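With the sequence shown counted from 1, adding 465 to any position gets you my numbering.
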Amino acid sequence: MVDLTASTQSDLAELAMAGNAKNGDVIVAEYQSSGRGRLDRTFEAPKGAALLFSLYLTPKRSASDWGFIAHLAALSMRDVFTQHLNGEAKLKWPNDILIDDKKVAGLIAQIAGTGIVVGIGLNVGMSSEELPVSTATSLAIAGSSQLDRNEILGQFLTLFASRYEEWDSGRDFTSDYSKASATLGKEVQIQVEGRENRSGLAQSISKTGALILADGFEVNVGDVVHLR
Ligand code: BTN
């Protein structure tokens, strides 16, 4: 646990690239001065109000399957806090967790060294005024009975570790993911920088984590807007 760092994601990726990280290493921070989101965006949270951490994994499975790991982490985090909510949390492809259609957590994943670094930022205690955008929410705003970041992290690591072991031994989690998805079954618009937007029905998720549209088009990277 560090009090302040630029980004737990950058820290762990640097250690991994230097050969100084091992499977299961975690870096947690109270505050990040340059928190990183997907696609070179920023991820901001006031000190002490969010659970911010990165986790290093060196899977046995082929690297072509690693795209599913962030989904497995999102599914596990969602299951950890859903039990403390009255409402339900859902997963928005690729890597957001939503409560009542608002983003409560974001995930990022990057290959580094011989493994992958998965970073999670979960809005825990933030008030409405402290949220970076109006489309975000926090566990406190959603009325969660669990706001202890250490406990949430502990529960996440336990649940994720057992699922990750099963996944790494070959188990398919696409059906578990699909049940928790807010994206599948919806008309969506796919936005990829430098490409024309594309719309379609989000039909399924692949074992590598890609979103498959009803016309067979496979989306590996990009943003999704839920249309209806
Ligand atoms: C996103 O919503 O685009 C992904 C956000 C990921 C944020 C987490 S916070 C802990 C870790 N360190 C970072 O710099 N980013 C991730």
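Cβ coordinates follow ideal geometry from the N, Cα and C atoms, glycine included.
Every value quoted in this text rests on a predicted model; they were computed, and no experiment measured them.
Closer than 8 Å: residue i CB and nearest the ligand BTN heavy atom
i: ILE573; result: yes
i: GLY590; result: no
i: ASP580; result: This sequence places Gly at residue 580; Asp is not what is there. Outside the cutoff, so no.
i: LYS555; result: no
i: PHE518; result: yes
i: ASN560; result: yes
i: LYS651; result: no
i: ARG501; result: yes
i: GLN497; result: yes
i: SER568; result: The question names Ser, but residue 568 in the sequence shown is Lys. LYS568 Cβ: within cutoff of the ligand BTN.
i: LEU504; result: yes
Distance CB(residue i)-CB(residue j) smaller than 9 Å
i: LYS672; j: PHE533; result: yes
i: GLY500; j: GLY635; result: no
i: SER422; j: VAL569; result: Beyond the ends of the chain as shown, which are 466 and 693, falls residue 422; an answer cannot be given.
i: THR648; j: HIS691; result: yes
i: LEU516; j: VAL583; result: no
i: ILE581; j: LEU522; result: yes
i: LEU480; j: ASP490; result: yes
i: LEU572; j: ASN560; result: yes
Cβ separation of residue i and residue j, assumed to be a contact under 8 Å, to the nearest whole Å
i: MET591; j: ALA539; result: Not quite, the Cβ-Cβ distance comes to about 19 Å (not below 8 Å), so this is no contact.
i: VAL689; j: ALA675; result: About 12 Å; that fails the 8 Å criterion.
i: GLY578; j: ALA486; result: 6 Å
Quiz item: Counting pairs of Cβ atoms below 8 Å between the region 533-546 and the region 563-580, do you hit three or more?
Solution: yes
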